[in-house]
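Read the structure below first, then the notes.
In full-length UniProt numbering, the protein residues as written are 1 to 348.
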């Protein structure tokens, strides 16, 4: 035992027991002398008492060592809390009280470890959310800068030059109108994405003709892409789904196909509600194929620009709400096919 240091449990107990034994031994010896007992009898009695005290001290020492060992096990649990899964929980204890303390301590430590794991996962999600917000702000700035700059440029020209020919003036006004529509579309996507993120989006199902809806979307897009061709091949197909959200899906997929190809866009709807949108455009590389539906993803090659990284992410989320999924097949330089299925008898 170190001088002036704190003793171990065994050392502490042993020191106290030995002290008591010495005091008792000396007291007994003095008592025998005072009673004038024969020396031989005193020696025999003292020898017997010494043996009894030695045996008693040994038993106490063994018990103290056992108790110290059990306390060290409990202390190790607390010390190695970070690697709690590796701790031997089935350690045997000498006393029932220590065994119960062990069980309770393990229960507390497991709960603490579980809370720590939950906290770490929460912090990881929080960091991801913050990074996504930063990406979103960057994407919004990037997407809104061009149409706003165009509107300001055309408006400034119209304001500064009062003698612009009527035909050119009409062209500039049309450009301003189109860029305004683009901003409105971007805002609509942001609002829809925000609903999905906050969990506020709900399905309002109704039965409608998927073929007729697709043709409506076609007519709407041809007003914007007047020189393009959209071919719809379908027969009346009644489905039960959220008509507004399925319209968003169709519009996103068809408009993406129009943006990234110069040839006709082909939409096919089968009687079982299977929809495919095919283009013959630039295509998507294999490295980008699994990423294009992620929020805020933007390809570094610029051959695939998923507007703010939200368009296909919104499509994927809407289809998931309907119990469906988005399938993508694509080859660089050959085009892409986006497919999904809406069951005529939806159980979603």
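Here a beta-carbon is modelled for each residue, glycine too, at the ideal position from N, C-alpha and C.
Report buried or exposed for residue i, applying the criterion of at least 16 other Cβ atoms within 10 angstroms of its Cβ.
i           : result
residue 229 : exposed
residue 204 : exposed
residue 233 : exposed
residue 2   : With a pLDDT of 49 at residue 2, under the threshold of 50, the modelled position of that residue is not reliable, and the figure given next carries that caveat. Exposed is the call here.
residue 301 : Below a pLDDT of 50, predicted positions are generally treated as unreliable, and residue 301, at 46, falls in that range; the measurement from the model is reported next regardless. It counts as exposed.
residue 127 : exposed
residue 317 : buried
residue 206 : exposed
residue 118 : exposed
residue 10  : buried
residue 112 : exposed
residue 314 : buried
residue 252 : buried
residue 23  : exposed
residue 231 : exposed
residue 333 : exposed
residue 265 : buried
residue 15  : exposed
residue 287 : exposed
residue 189 : buried
residue 47  : exposed
residue 167 : exposed
Here's a check: name, in chain order, each residue in its chain whose Cβ is nearer than 8 Å to the Cβ of residue i, leaving out the five neighbours to either side.
i           : result
residue 275 : 210, 214, 250, 267, 268, 269, 339, 340, 341 and 342
residue 148 : 179 and 183
residue 157 : 164 and 172
residue 56  : 17 and 21
residue 101 : 74
residue 321 : 201, 203, 242, 245 and 348
Apart from the five residues on each side of it in sequence, which residues of its chain come closer than 7 Å, Cβ to Cβ, to residue i?
i           : result
residue 324 : 340, 341 and 342
residue 273 : 210, 237, 239, 341, 342, 343 and 344
residue 142 : none
residue 263 : 280
residue 49  : 25 and 28
residue 247 : 213 and 217
residue 191 : none
Can you tell me where the alpha helix (DSSP H) holding residue i begins and where it ends?
i           : result
residue 335 : Not the alpha helix (DSSP H): residue 335 falls in the beta strand (DSSP E), residues 335-341.
residue 38  : Neither: residue 38 is in no alpha helix (DSSP H) and is coded neither H nor E.
residue 317 : 311-321
residue 223 : 210-224
residue 285 : First-last for residue 285: undefined, no H or E at that position.
Tell me the residue span of the beta strand (DSSP E) that contains residue i.
i           : result
residue 233 : 230-233
residue 255 : Premise fails: residue 255 lies in the alpha helix (DSSP H), 243-259, not in any beta strand (DSSP E).
residue 276 : 274-278
residue 265 : 265-269
residue 330 : 327-331
Leaving out five residues on either side along the sequence, give the residues of the same chain with a beta carbon under 6 Å from the beta carbon of residue i.
i           : result
residue 220 : none
residue 245 : 318
residue 201 : 195
residue 260 : 281 and 282
residue 175 : 154
residue 208 : 243
Would you say the beta carbon of residue i comes nearer than 7 Å to a heavy atom of the ligand NAP?
i           : result
residue 171 : The model depicted lacks the ligand NAP and carries no ligand whatsoever.
Checklist line | Cβ contact check for the segment 153-164 and the segment 186-201: 3 or more pairs under 8 Å | finding: no
Checklist line | Entirely enclosed beta strand (DSSP E) segments - the segment 135-166, minimum 3 residues | finding: none
Next item on the list: Determine contact between the segment 273-289 and the segment 246-261, defined as no fewer than three beta-carbon pairs at a distance below 8 Å.
Entry: yes
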